[in-house]
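There are 2 protein chains.
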Amino acid sequence: MLGEATADWQSKRREAARREILAAAWAVARENGLGALTLREVAARVGMRAPSLYSHFASKHAIYDAMYGQAWAEYDRAAEAAVRHLPAEPRRVLREIARQYFEFATADMPRHQLMDLRTIPDFTPSDESYACAVRVYDRFRTVMASIGITADEDLDLFVALIGGLADSQWANDPGGDRYARLLDRAVDMYADALHLPPEEP
Amino acid sequence: MLGEATADWQSKRREAARREILAAAWAVARENGLGALTLREVAARVGMRAPSLYSHFASKHAIYDAMYGQAWAEYDRAAEAAVRHLPAEPRRVLREIARQYFEFATADMPRHQLMDLRTIPDFTPSDESYACAVRVYDRFRTVMASIGITADEDLDLFVALIGGLADSQWANDPGGDRYARLLDRAVDMYADALHLPPEEP
DNA sequence: GGACGATTCCTAACCATGTTAGGCGAAGCT
DNA sequence: AGCTTCGCCTAACATGGTTAGGAATCGTCC
Chain R
41 MLGEATADWQ
51 SKRREAARRE
61 ILAAAWAVAR
71 ENGLGALTLR
81 EVAARVGMRA
91 PSLYSHFASK
101 HAIYDAMYGQ
111 AWAEYDRAAE
121 AAVRHLPAEP
131 RRVLREIARQ
141 YFEFATADMP
151 RHQLMDLRTI
161 PDFTPSDESY
171 ACAVRVYDRF
181 RTVMASIGIT
191 ADEDLDLFVA
201 LIGGLADSQW
211 ANDPGGDRYA
221 RLLDRAVDMY
231 ADALHLPPEE
241 P
Chain S
41 MLGEATADWQ
51 SKRREAARRE
61 ILAAAWAVAR
71 ENGLGALTLR
81 EVAARVGMRA
91 PSLYSHFASK
101 HAIYDAMYGQ
111 AWAEYDRAAE
121 AAVRHLPAEP
131 RRVLREIARQ
141 YFEFATADMP
151 RHQLMDLRTI
161 PDFTPSDESY
171 ACAVRVYDRF
181 RTVMASIGIT
191 ADEDLDLFVA
201 LIGGLADSQW
211 ANDPGGDRYA
221 RLLDRAVDMY
231 ADALHLPPEE
241 P
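Protein chains in written order, with my numbering: chain R, 41 to 241; chain S, 41 to 241.
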């Protein structure tokens, strides 16, 4: 039987190794694109051979899964910070949420691709990773509720709207700001449709 | 030198073979998903071995390219038909375009994935295939111009809106009709923002 | 202190898939 | 008939995910 202290030390080493592998995976994805993320390349960056990664992750999908969870957790942190200083006016709240999402989505292409479940064929996140995404959505729902928007359809519409703009940004003007301008118009369209009062100047 | 009649006959056989291969590729994609589209599988369905496909397509990407062109050409035909009986009221025109796109996009998942350039890594359509997509966009721009919408930003916004809803449909409610209902709301939002007159009952 | 057990890395290899090389046979041209 | 062309074949290669099995390391226990 392993002693408690040892188990703790070992699990810390395990965690460190996992973190290092994930960091390498992110580096590869950012430098050469998600498509270039190969086990042999990741392994090389941490001074290992590909099969050794299996001591830390059950499969390549497990690495994707961890990255997926990390990305959503990252977004959750950013959103949490933003929620603490929410404007008073509902319309400004919408704008804030929209901008936050858009900035996060357009700041890092591989991260954004990874957060989209359609990107990796046959990928389904683990419960744990998926919970990170759900947490974000719960926070979003709470904020929306605080300005009186609770209907599922209203929430879905807002998400589709902002998501469509972020995707269009990547598809049609990566690196530019063409859709950032449209974002404000979209938010206003949406706010008008829901009869939110205009902003004070 | 080959005789004229023979060349013609041979090129017809070549075309027939290409069509057969593409049909098999579509069948595989629809039955087992885009990810299951493998050269060996396609070849098997047309009674060949994988390398023989290279007599008809330069690479797997060339097959994707042909499928991409076909998909957009298909949409172009559908759009052309719709354009011939456009309603008189601008708002109804928008609704018509939106519904048309949404229905086409949600009718066939692999086709929709393929029409999105992000789906296949490192895929860039040939000029010829891309022209099919451009043709669709030109038609769209013409119709929009006919109801007085010409600004690039207005067009981009509409496309992002409808595209976002179609993507959300696939992501969150495949097989359902949750986002079809939202489509009409989105169109109205957009039409209101552009001060289009309401529809007559 | 030495044997045991777990852990972690390695090499070798397997399988799937896109792709290339090279050959064989049929079919048409001259 | 002889030559060329074409379409298909088999064999093989490169890459990439994965598995099998072994060796080294390190903490634990007698």
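Backbone N, C-alpha and C define an ideal beta-carbon position, used for all residues, glycine too.
Review point. Should S:R131 and S:P238 be called a contact, given that it needs their Cβ atoms to be closer than 8 Å?
Key: Yes; because the gap between Cβ atoms is below 8 Å, this pair is in contact.
- prompt: How many Å lie between S:R80 and S:M88 at the Cα?
  reply: Rounded to whole angstroms, S:R80 to S:M88 spans 8 Å at the Cα level.
So, does the CB of S:G43 fall closer than 8 Å to a CB anywhere in chain R?
With a pLDDT of only 44 at S:G43, under the threshold of 50, the placement of this residue in the model should not be trusted; the figure read from the coordinates follows. With 8 Å as the cut-off, S:G43 does not count as an interface residue toward chain R.
In its own chain, which residues sit with a C-beta less than 7 Å from the C-beta of R:V227, not counting the 5 before and 5 after it?
-> Closer than 7 Å at the Cβ level, and outside the excluded window around R:V227, lie L134, R135 and A138.
- Under 7 Å between beta-carbons, which chain R residues line up against S:R158? List them in chain order, please. Here the neighbours are A211.
Between S:V169 and S:G109, which are expected to be in contact by the criterion C-beta below 8 Å, what is the C-beta distance as a whole number of angstroms? Sequence inspection shows Ser at residue 169 of chain S; the Val mentioned does not correspond to that position. Between S:S169 and S:G109, the beta carbon gap of about 3 Å places them in contact (Cβ cut-off 8 Å).
* Does any C-beta atom of chain R lie closer than 8 Å to the C-beta of S:Y115? -> Look at S:Y115: its C-beta is not under 8 Å from any C-beta on chain R.
(Q) Tell me the rounded alpha-carbon separation between S:F180 and S:F142. (A) Rounded to the nearest angstrom, the two C-alpha atoms are 14 Å apart.
Spatially closest choice to R:L166 from R:I61, R:L74, R:S99 and R:G73, by CA coordinates: The sequence given here has Ser at residue 166 of chain R, not Leu. Out of R:I61, R:L74, R:S99 and R:G73, R:S99 has the C-alpha closest to the C-alpha of R:S166.
- Task: Please name the residue in S:G73, S:L195 and S:R117 whose C-alpha comes closest to that of R:R10.
- Result: No information on residue 10 of chain R is available, as it lies outside the stretch 41 to 241 that chain R covers here.
Check your understanding: What three-state label does DSSP hand R:R53 in the structure shown?
Key -> Helix.
Quiz item: Taking 8 Å as the CB-CB limit, is S:V174 close to chain R?
Solution: No - not a single Cβ of chain R is within 8 Å of the one on S:V174.
Exercise. Count the other CB atoms within 10 Å of the CB of S:D178; is the residue buried (16 or more) or exposed (fewer)?
Worked result: Around the C-beta of S:D178, fewer than 16 other C-beta atoms lie within 10 Å, and the residue is accordingly described as exposed.
Whole angstroms are fine: how far does the CA of R:L126 sit from the CA of S:A64? Rounded to whole angstroms, S:A64 to R:L126 spans 54 Å at the Cα level.
Against chain R, does S:V199 count as a neighbour if the rule is that its beta carbon must be under 8 Å from one of theirs? Interface residue, yes.
key: Reference R:A118; option with closest CA among R:R151, R:N72 and R:V176   = The candidate whose alpha carbon is nearest that of R:A118 is R:V176.
- Item | For R:S169, the three-state DSSP class (helix, strand or coil) | Correct three-state label for R:S169: helix.
What's the C-alpha gap between R:D217 and S:R218?
Near 31 Å, if we compare the C-alpha coordinates of S:R218 and R:D217.
**Q.** Residues, ordered as in the chain, of the region 140-171 of chain R that lie near chain S by beta-carbon distance below 9 Å
**A.** Answer set for the region 140-171 of chain R: Q153, D156, L157, R158, T159, P161 and D162.
Legend entry - Whole runs of the alpha helix (DSSP H) within the region 74-128 of chain S, excluding any shorter than 4 residues: Taking only runs of at least 4 residues, the alpha helix (DSSP H) segments lying wholly in the region 74-128 of chain S are 79-85 and 100-124.
Check your understanding: So which of R:F198, R:D148, R:Y104 and R:T182 has the shortest CA-CA distance to R:P214?
Key -> Ranking the options by Cα distance to R:P214, first place goes to R:D148.
_For S:I160 and S:S95, the rounded distance between their alpha carbons_ = The alpha-carbon separation between S:S95 and S:I160 amounts to approximately 23 Å.
Can you tell me which of S:L234, S:V174 and S:L93 puts its alpha carbon nearest to the alpha carbon of S:Y115?
It is S:V174.
> Got a sec: does the ligand GDP put a non-hydrogen atom nearer than 7 Å to the Cβ of S:F144?
Replying inline: The model depicted lacks the ligand GDP and carries no ligand whatsoever.
Endpoints, alpha helix (DSSP H) assigned at S:I202: Element bounds for S:I202: D192 to N212.
Have a look at R:L77 and R:A90 and give me their C-alpha separation to the nearest angstrom.
Roughly 12 Å separates the two Cα atoms.
Do the CB positions of R:L223 and R:L205 come within less than 8 Å of each other? When the beta-carbon positions are compared, R:L223 and R:L205 come within less than 8 Å of each other.
| query | Hey, would you say S:Q209 sits closer than 8 Å to S:T164, going by beta carbons? | reply | Between S:Q209 and S:T164, the CB-CB gap reaches or exceeds 8 Å.
Using the beta-carbon of each residue, which ones in chain R are nearer than 8 Å to S:Y219? One finds D196 and A200 in chain R with Cβ atoms closer than 8 Å to the Cβ of S:Y219, taken in chain order.
### Task
Measure from the C-beta of S:M229 to each C-beta in chain R and report whether the shortest distance is under 8 Å.
Interface residue, yes.
I'd like the span of the alpha helix (DSSP H) that includes R:P161, first residue to last.
Run containing R:P161: none; DSSP gives neither H nor E here.
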